[in-house]
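In UniProt numbering, the protein residues as written are 1 to 323.
Written out below as structure tokens is the structure these notes cover.
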């Protein structure tokens, strides 16, 4: 046993070293220039670093095509509007930087993050209206999507509810994707502090709003099925209107599934027949357990996952007219 444990540890260390080497070999797009990862830097006076004063989008490239680019661009602009961040960059300019990053890294299937901050300004909280933005793009390889997809996750997610609450929309607009992820970090930190003995840390934290209703995961949207009806927390509450969320709801409507958006107690989700999470990287990921209670996927989860793959296939690997 000792030898096998040592062997496994050695393999893990080698894989970690290989991953670090791959990271060093990546090329980033920083303020208009392609630079090696170990030379990609921003100023310590950048407001994104100082205050989390920036907007971002995480996208998937499938076969070299950015899936739902127009939707990501629109949400990025809404976030910048919410921050009063007038960056002055054209959509074609931003898309060109993304395409250059993918090409420089030799990637067709990838996760892509586009980040825009207010840039360097004097160290005062009040932002200046004149902006010289900091723009960073980086990409990392992901498996092929669509009908021939390979999952980016090893198994269905383990999920736990946490005491950290979602930030109210009245404080920071729920629809804004900003650099400040402290709320999610605190929620994930709870998972580590609550781990049960030798059991691993849960994959995702489920956060509630100030009234105690389920809102979302730290980086994901929640869906669950009860008696054949698909449910998801309403975006009229403190919930990010995710792009993957919208696609799932569209696919459900096409299939004639009953859908409800509302406010839900945690116990309602724990008692669900099926449950899954969505985000751009995971796509649709079934929930294995919530607070230790078995849930799992099921026929509706499988159907919607299949329809999502078909949408990616048509838009990115086949007829691109939908993108």
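Ideal placement from N, C-alpha and C gives every residue a C-beta, glycine not left out.
By the 16-neighbour rule on beta-carbons within 10 angstroms, residue 124 is exposed.
The stretch 118-183 is shown to contain whole beta strand (DSSP E) runs of 3 or more residues at 134-141 and 157-165, in chain order. Judged by DSSP secondary structure, residue 60 falls within the beta strand (DSSP E) whose first and last residues are 54-62. By the CB criterion at 9 Å, residue 246 and residue 223 fall outside the cutoff. Residue 252 and residue 50 have their C-alpha atoms some 42 Å from each other. Beta-bridge analysis with DSSP links residue 262 to 233. Relative to residue 192, the option among 201, 278 and 185 whose CA is nearest is 201. In the DSSP assignment, residue 279 forms a beta bridge with 283. When secondary structure is reduced to three states using DSSP, residue 219 falls in the coil class, being assigned neither helix nor strand. Only residues of its own chain outside the window of five on either side were considered, and among them 282 and 285 have a CB closer than 7 Å to the CB of residue 153, listed in chain order. Burial state of residue 38 is exposed, judged by a 10 Å Cβ sphere holding fewer than 16 other Cβ atoms. In this structure, the beta-carbon distance from residue 44 to residue 35 does not fall below 9 Å.
Residue 225 is bridged by DSSP to 230 and 274.
Less than 9 Å divides the Cβ of residue 181 from the Cβ of residue 52. The beta carbon of residue 96 sits closer than 7 Å to no other beta carbon from its chain once the five residues preceding and following it are set aside. One thing to note: residue 235 has its Cβ within 9 Å of the Cβ of residue 174.
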